[in-house]
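One structure is given here, and the rest of the page talks about it.
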Amino acid sequence: MNNMSYDENSFDQEKRQSAARRIQACWRSHQDRWLFNLLLSTVRATEHTIAPAVLCQLSPREALLLRDPSMHYKVRLRFAGSQFPPVVVFKIIDLKGGKYLSGKKLFCPSNQLPHNPKA
1 MNNMSYDENS FDQEKRQSAA RRIQACWRSH QDRWLFNLLL STVRATEHTI
51 APAVLCQLSP REALLLRDPS MHYKVRLRFA GSQFPPVVVF KIIDLKGGKY
101 LSGKKLFCPS NQLPHNPKA
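Going by my numbering, the sequence shown opens with residue 1, and the numbers climb by one from there.
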């Protein structure tokens with residue numbers, strides 16, 4: 001028969017539960033890292049191959065503006081968000097002037113007027 005008292009048995013059970021929680025947390029972390037690397041490789045491949053087609057799907061109005069043959073641009077896909085899985089966002093970069101067009105920098109959120117930092 002088992003010579004362990006109730007306290008020793010419950011302590012052993014707590015240690016097992018703690019170890020199980022640690023193992024589960026490590027496994028979830030491993031899965032999240034694996035999924036992040038898979039998402040990262042997919043975004044990089046998309047950025048280099050079919051970014052204009054993706055832009056047509058995501059934002060048809062901006063894709064129409066960028067059909068101008070004189071406009072040389074590059075679409076960059078990035079991750080955003082504070083939680084996992086991340087949200088994929090895109091940036092449009094003008095290659096001629098090296099400028100990045102950002103709606104956040106062009107418009108104030110309160111009145112939707114162009115933002116003038118010198119004023």
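The beta-carbon is built from N, C-alpha and C at its ideal position, and this holds for glycine as well.
Quick caveat: nothing in here was measured; it's all calculated off a predicted structure.
Check: Counterpart residues of Val-88 in DSSP-defined beta bridges; Outcome: Phe-79
Check: Pairwise C-alpha distance: Ala-25 and Ser-70; Outcome: 52 Å
Check: Cutoff 7 Å; reference Arg-33; Cβ partners in own chain excluding five residues on either side; Outcome: none
Check: Rounded straight-line distance, which links the Cα of Leu-64 to that of Ile-50; Outcome: 16 Å
Check: Selected residue, minimal CA-CA separation from Gln-83, among Phe-36, Lys-15, Phe-11; Outcome: Phe-36
Check: Status (buried if at least 16 other CB within 10 Å, exposed otherwise) for Ile-23; Outcome: exposed
Check: Cβ shell of Gln-17 (< 7 Å), same chain only, five flanking positions each side left out; Outcome: none
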